Structures are given as structure tokens and as C-alpha cells.
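J.: As they're listed, the protein sequences go chains A and B.
For the first sequence, position 229 matches number 229 in the working numbering, and the numbering has no gaps at all.
For the second sequence, position 239 matches number 1239 in the working numbering, and the numbering has no gaps at all.
Before we start, here is the structure in question, set down as C-alpha cells.
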Amino acid sequence: MKIQKLFQRTRFGIFLLFGVIVLCTSALCIYTVDTQLTAEYETNSQNIAKSVADASVDILLNRNLATLQSMIDQFVEIQGIRYIYITSENGEYLAHTFVPGIPEQILASDHANTEPVERSIPGLGDFLEVGSPILAGVAGTVHVGMDQDEVALKIQRAIGQQVILICIFLVVGVLASIWLVNLAAKPLAELLAYAVNIADKREPETTADDLLGRDDEVGDLARLFRHISDQSPDSGAPEASPGKAR
Amino acid sequence: MNVRNGKGQSGEGSGSPAPSLTRRAMLRRGLAGLLAVSCAGWVGRRGADSVLGGLNMVSAQELETGFEGATDDEIVLGMSAAFSGPSRGLGSELYRGAMAYFNHVNDNGGVAGRKITLKLYDDGYQPDPCVRNTMRLMLEDNVFLLFGYVGTPTVTRVLPLLKKFQDEQVYLFFPFTGAQPQREPPYGDFAFNLRASYRQETAGLVNNFLAAGKRKIGVFYQADAYGRSGWAGVRAALDRHGERLAGEATYRRGQRFTGSMREQVEILKSNAPDAVICIGSYAACAAFARDAVDRDLRVPIANLSFVGSENMLQLLSDLGEDVETYSRYLVNSQVVPSYEDTSIPAVREYRELMERYDPAVPEELVKESYSPFPQSFVSLEGFLDAKLMTEILRRLGASPDRDGLEEAVFSVDNYDLGIGERVSFGPDRRQGLQTVYYTVVQEGRYVTLDDWQGWLS
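And the structure:
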């Protein structure tokens, strides 16, 4: 005989509790990873822009644009960085990494802007662009474009991995909880069967001895049922093994 | 074994030669160690392994022979160039021209009894392999000097290495690039150039176009240091005339002829240029010329010497159309005279030696098929590079040493290379030739252009 109803709420409660924990943890995880990684990529872009700006001073003053181009070509190999361009103080494009040409959106933008700005360039994608002034802006500005699609993909991957891990914990936790509840319900089921047997005045199953020998509440209840049954005038229940009943 | 300038230990007459470390040898190891540490992260594990392997090689060689790229029998020059990829024609032709002369020198006793040999590596016209090759040449192969490198993006990345090794005096001779970085501080002291610069080539093209009334000049260029160098040259030349670029379009290095350049053509076409100056490799520039004609951008298209004129024309000819269709708008600047002009003594010598030796690129470097040209502007440049290199090595005397290299180069004053223009070097003059030539295609071959007005009309 199985205990079907007694732990239904318990199982539901456990499932609900784990669900809420997973949802809350996932939401927090998504927010934290998204915020921190986005900030990290943005900071990296700003650092790269600043590095290029710092390194560009002498090169620009020497008008050595080939070396300048060589330098930004190396920086643009960094993952997530999609383009770099350097404008003069007059807005002239001194070096860039665009192929086949400088996009209209870039040409139309403020060349001296150093604040982060989001750009959507047809055919290229969505970008977060950061800038850094060269010699406080009097020698020009370095602009670094971070590929938001690529960054979003990386963030999604990071979040996905964490959510998958949390879901695994949820499934394992729920299964473990159900197993533990079932473990607790098993002696109750045996007790119920024992009580039904007593009530029906049938021979107890062989597990009766184990039941009556338990030193927990289930054992106490079994012995109580036995005692009540023995007190009953039309009791026909057989004696348990003397050594095990207490 | 004889050792130069007492820098090693002669084994003659001594039972057990004790290795002596010179100041330079110790310095080299220190520098090499520093380089290994500093470059390990940059070039990746493979490069670091190579550097560390090189340290062992250098130590062993120094202890045994004092070898510095020059022994009693040979002088070893190191060359990293494009022998594979879309620009393989450039490295191959430059090598062939140089070897035609070096073979001739070697067959006639070499330089002070030493044969000149080239230690070759393929970089595919890519910067990172070029840096690795250079470290191998300097640390493992321990070459006497670097010679005949191909390309701006490659050379600009190697220059910091030369500065790092400045106490070793490993110089780069006659790179196949007209870019400024190896002509100016802070790296100008580590290289010697023979050819005219891209600035001179682009200025010449711009001046001639403007003189002919072509004022709206657009630029099509490779998106790297080479392209930027040429772009800057065009911009500066236009600036001197109060003009600005009419438009610009770029392409990625490594572009093949089969790729489309229609986008670039459309970008430039939208600016309605009177002429376009291309700063690229032959595959990309040929593709641009093809697509420009196909899309009705029928204006003069100029190319710099680096393009590899014969390779470019070959690709256009392979289209199966009348070659005139695609080549009639081409004008290419050159830094050596026409190899067709047999009135020039050096050209006669070049043609004779190319025919006699017909040098081939070593098989181990041939990854893709390549059909060399009997003569080409690039191989003529390699030939002249080798001729001047040989003269400089001769001036080093019987005991060639890197310490004397710079002095030997500076002793080249008003030297007749056989092309009419005399060559001089000095502390403030690290480029031998200044002349730029212009060529157009007529009847499937390049001829010298003297009358711009007539050609453009």
C-alpha cells in the first residue's frame, strides 16, 4: 500500500521552493553576468582606446601613419573589438580598419566624441563605440568599436552555462527530495497496511515484526494499534514474536 | 678554424681550446634571453619555443666557431618573403633576380673567397610569420644580415626586433617596400633602402595626374600599413597642391583575384574620380581593374611598384578577353628602369644572367604552383639589390664583420650601379635611388611612359 496523499503538498512545496530558488538565482545570475561582462567589455574597449591614444602621440607627431595603422591592426585582432579609427583634431580619418570603406554613420558622427555611444551599422552589425582623446584631444581621437552581437553572444553563453548548472541542481534536488520523502513514507505505508490488517482481523504480514520492533514513532503507533486490538473483546490478532515487541 | 677578429677561439696549435665569451657574445645572450621572455607572449608558444631553441643553437655555435653568418667559406644572408599565398610572385621574383647575380658572383670566386648564400623562409606576406622567421634567422641561423624582405606590414613588425638587437648590428638591407617606417626615426637606423619610397612614387603619380588636369583622385588601398603608407603619400602630395582625396576604398590583405571588388568600385565611382591610385598587391589590384572596367569606372588606374606589374598583367590576360580591354587604363610606377631597355648596361647584364641561371625558388618553399617570368621589374630590383649588396660586402674586406657594415655602406658614394642613376649612402641618406619611372601597357607588355598628356588624352 502506498502513501499517495499525505506528502503531495510536501512534494509540491519542495518543487515550488526549488523553482522559486532557481528562478531567483537565474534572474540574479543573468543580471550580474550581463551587467558585469558588459561593463568589462566596455572597460576593455576604453583601455584599448586609451592605450592606442597614449601610444599614438609620438607616431602622430612624426606623421608616421603606416606605423599607426600597423598598431591598430594588431589591436583589432582582440576578440570583441571590431573596428578602430583615429581622427585628427580636424576630423580627418588618419587610420582605420574599415573594409570596403568608412561607413556613413561613422562619417556623420562627432569625431571628437569620447563618450560611449551605441551604433547600428547596416551590413556590419551593432556596436558600442568608445573614444579616447590623444593629447587631451589636440592631436585627435581614438575610437574603438566593440561588436555588441559578439559580446551579447558571449554573455548569452556565460548565462546559459550558469542557468544550465542551476537547472541541474534543481532536477537533482527535486529528485533527491522525492526520494527522501518516499523513504519517510515507506514505514507509514507499512503501518497503514498493518492497521488495515488488524481492522480486518487478517493475519499480519511478515513485516509486522519489523514494524513492531522499530524504535521510532511508527513503531510506537504499531504497538499502540496492537495494544488497542488486543484490548478489543473480539480480538483475534495473533501475538507478535515475544522478543521483538516492546 | 680561423676566427674573425679574435671573437672566437682558434683551435690551431692548442690542445684543448678554451671557449672565450666576448662582450658581444654575452650581450647577445642577454638580449636573446630578454627577447625570449618579452616575445613569448607575443608570438605564442611556437615562437617562444623557437626562440629558446635558438638560444641553445647560438651558444653552441659561438662556443665552437664564433659563427656570425660569415665563415671562411660563405656569408649567409637571411630572407623572409612571400613564397606562398596571393603575393607569392613578389617573393619569388625578388629571389630569382637576386640569385641570378649572387650565382654569378659565386661562380666567379665569391666575395673574398666566400660564397654568398641566402637562408630563406616563407612568411606568406603575413606579419606574424615574418616576425618568427626573423627571430629564427637572427637567433638560430645567426645570419650575417637580413636581405630582401617583402612588404610593409611584415617589415614594420620586424623593425622593433632590429632595434631590440641594435647592439648586435643586424641590419635589414634593401627591403621590397617603399614605406616610411624603415626610412625614418625611430627605426631608420636599422635598415638600408635602395628603391625610391612610396612617397616619391605617389607624389610622382599625383603630380603627373594634376599636371594633366586630373584633379579628382581617389585611392584604393590595402587595409594595413602598406596601404596606409601609400594613402598618406597620396594625401600629402595632394595637400601640397591644395587638393583633397576624392574618395577612398579598402580591401583586406590576402584578397585573391577571384574575389569581387565591386563594392570598392561603387564607393569610388560614387565620388566620380578623374583617376584612381591603387596601393595594393597584384591580385587585388588586378581584380579592382577588372571590376572597374566591368562597372564602367573607366578612368586611369595607377599602381605602385610593389604591385608586381607582370603578375598583375598576367592575371588580366588570363581572363580570356582582349588584354587591351582591362589594361588600357593602367599606369604603373616603377622604381627600376624598364627591363626592356637594353641600352642600360645593368639591364643587359640582368637579362644575360637571368637567362644563364634562371634561378628557381627552392622546392621546399613551393606550396602553390607559380610560373616565373623570364624578366620582370621585381626580379630586376632583386638583381640590383644583390649587385649593391655584393659591392658592400666587398668593401668589408677580407674579414667581414657586422661592426664594419655601416661604414662600408656609407663608403658607397656616387657608385655606378649601371642604370644611369648613381648611388650614395650616408648617415642622413639611407636610401640609394630616388628616381621613379612610369609604365603603361602596350600590345601586352609594359613600356615606359614619357608623355602623360598624350596618354591621358
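Ideal Cβ positions, reconstructed from N, Cα and C, are used throughout, including at glycine.
Given the structure is predicted, the values throughout are model-derived calculations rather than measurements.
Cβ of P122/A less than 8 Å from any chain B Cβ?
T.: Not one chain B Cβ lies under 8 Å of P122/A.
J.: Does any CB atom of chain A fall closer than 8 Å to the CB of Y1446/B?
T.: So no, Y1446/B is outside the interface.
J.: For a contact defined as C-beta to C-beta under 7 Å, what are the partners of Q1200/B on chain A?
T.: Within chain A, no residue comes near Q1200/B; the closest Cβ sits about 15 Å away, beyond 7 Å.
J.: Checking 8 Å against the spacing of the C-beta atoms, do V1307/B and V1276/B come in under that value?
T.: For V1307/B and V1276/B, no; Cβs fall outside 8 Å.
J.: Scan the segment 1305-1354 of chain B and note each continuous alpha helix (DSSP H) run of 4 residues or more that stays entirely inside, going in chain order.
T.: You should have 1309-1317, 1323-1327.
J.: At which residues does the beta strand (DSSP E) containing I86/A begin and terminate?
T.: Looking at the DSSP string, the run of the beta strand (DSSP E) that includes I86/A is 81-87.
J.: Is the distance from the Cβ of A66/A to the Cβ of T1154/B below 8 Å?
T.: The answer is no: Cβ separation not under 8 Å.
J.: Along the chain, which unbroken stretches of the beta strand (DSSP E) at least 3 residues long are found entirely within the segment 134-216 of chain A?
T.: For the segment 134-216 of chain A, whole beta strand (DSSP E) runs of length 3 or above, ordered along the chain, are 140-147.
J.: Could you tell me the distance, in whole angstroms, from the CA atom of A1036/B to the CA atom of Y1187/B?
T.: Low local confidence applies: a pLDDT of 41 at A1036/B is under 50, so the model's placement there is unreliable, and no value is given.
J.: List the residues of chain A that I1267/B touches, going by C-beta distances under 7 Å, in chain order.
T.: What I1267/B touches in chain A: P100, G101.
J.: Label T35/A either buried or exposed according to how many other C-beta atoms from any shown protein chain fall within 10 Å of its C-beta, with 16 as the threshold for buried.
T.: Result: exposed.
J.: Identify, in the order they occur along the chain, each residue of the same chain with its Cβ nearer than 7 Å to the Cβ of P1268/B, setting aside the five sequence neighbours on each side.
T.: Here residue 1268/B turns out to be Leu, not Pro, going by the sequence shown. So the list reads G1218, F1220, G1247, A1249, V1276, L1297, once near-sequence residues are dropped.
J.: Whose C-beta lies closer than 6 Å to the C-beta of N44/A among residues of the same chain, with five residues either side of it excluded?
T.: Around N44/A: no qualifying Cβ.
J.: Under a three-way DSSP split, which group does D1451/B fall into?
T.: Looking at D1451/B - three-state DSSP - the assignment turns out to be coil, as it is neither helix nor strand.
J.: From I228/A to L211/A, what does the alpha carbon distance come to, in whole angstroms?
T.: Cα to Cα, I228/A sits roughly 16 Å from L211/A.
J.: What does S229/A pair with, by DSSP beta-bridge criteria?
T.: Beta-bridge pairing links S229/A to no other residue.
J.: Nearest to D1451/B by CA position, among A1211/B, R1253/B, D1385/B, is which residue?
T.: The shortest C-alpha separation from D1451/B is found at A1211/B.
J.: Determine the direct distance from the alpha carbon of S1371/B to that of V1323/B, and round the result to whole angstroms.
T.: Between V1323/B and S1371/B, the C-alpha separation is close to 19 Å.
J.: Report the residue ranges of all beta strand (DSSP E) runs contained in full by the segment 1093-1162 of chain B; include only those spanning at least 3 residues, in chain order.
T.: Runs of the beta strand (DSSP E) inside the segment 1093-1162 of chain B: 1115-1122, 1145-1147.
J.: Is the distance from the Cβ of V1440/B to the Cβ of V1331/B below 8 Å?
T.: Contact: yes.
J.: List the residues of chain B whose Cβ lies closer than 9 Å to the Cβ of L65/A, in chain order.
T.: Near L65/A (Cβ distances below 9 Å), the residues of chain B are Q1180, A1225, R1228, S1229, W1231, A1232, R1235.
J.: Go to N1303/B, then tell me how far its beta strand (DSSP E) extends in each direction, as first and last residue.
T.: Looking at the DSSP string, the run of the beta strand (DSSP E) that includes N1303/B is 1301-1303.
J.: Quick check: the segment 1098-1118 of chain B against the segment 1391-1410 of chain B, are at least 3 beta-carbon pairs closer than 8 Å?
T.: Because the criterion of three Cβ pairs below 8 Å is met, the segment 1391-1410 of chain B and the segment 1098-1118 of chain B touch.
J.: I'd like to confirm the pairing. Which residues does DSSP put opposite V1441/B in its beta bridges?
T.: Paired residues: Y1446/B.
J.: Just confirm the distance between the C-beta atoms of Y1121/B and G1085/B, as a whole number of angstroms; I'd bet it's less than 8 Å.
T.: Y1121/B to G1085/B, Cβ: 14 Å. No contact.
J.: Output, in chain order, the set of chain A residues within a Cβ distance shorter than 7 Å of A1081/B.
T.: Neighbours of A1081/B on chain A: none; closest Cβ ~18 Å, over 7 Å.
J.: Establish whether the CB of T97/A and some CB of chain B are separated by less than 8 Å.
T.: So yes, T97/A belongs to the interface.
J.: Taking P1127/B as the reference, give the member of L1137/B, A1081/B, V1105/B, A1100/B with the closest Cα.
T.: Ranking the options by Cα distance to P1127/B, first place goes to A1081/B.
J.: Out of E1443/B, V1347/B, L1384/B, V1423/B, which has the shortest C-alpha to C-alpha gap to M1099/B?
T.: For the residues E1443/B, V1347/B, L1384/B, V1423/B, the minimum Cα distance to M1099/B belongs to L1384/B.
J.: Take the Cβ of A222/A as the centre, count every other Cβ of all protein chains shown within 10 Å, and call the residue buried at 16 or more, exposed below.
T.: Flag for A222/A reads buried.
J.: Between which two residues does the alpha helix (DSSP H) containing Q46/A stretch?
T.: Counting along the chain, the alpha helix (DSSP H) containing Q46/A begins and ends at 8-61.
J.: If we cut at 8 Å on Cβ distances, does S109/A have a partner in chain B?
T.: Answer no: the Cβ-Cβ gap between S109/A and chain B never drops below 8 Å.
J.: Given this structure, state the Cα-to-Cα distance separating W1455/B from G137/A, to the nearest angstrom.
T.: Straight-line Cα distance between these residues: approximately 46 Å.
J.: I'd like to check one pair, I155/A with T252/A: are the Cβ atoms closer than 8 Å?
T.: Beyond the ends of chain A as shown, which are 1 and 246, falls residue 252/A; an answer cannot be given.
J.: For a contact meaning CB atoms closer than 8 Å, what does Q79/A contact in chain B?
T.: Near Q79/A there are no residues of chain B at all, since even the closest Cβ is about 15 Å away, more than 8 Å.
J.: Is the shortest distance between the beta-carbon of A1249/B and the beta-carbons of chain A less than 8 Å?
T.: Cβ-Cβ to chain A under 8 Å: yes for A1249/B.
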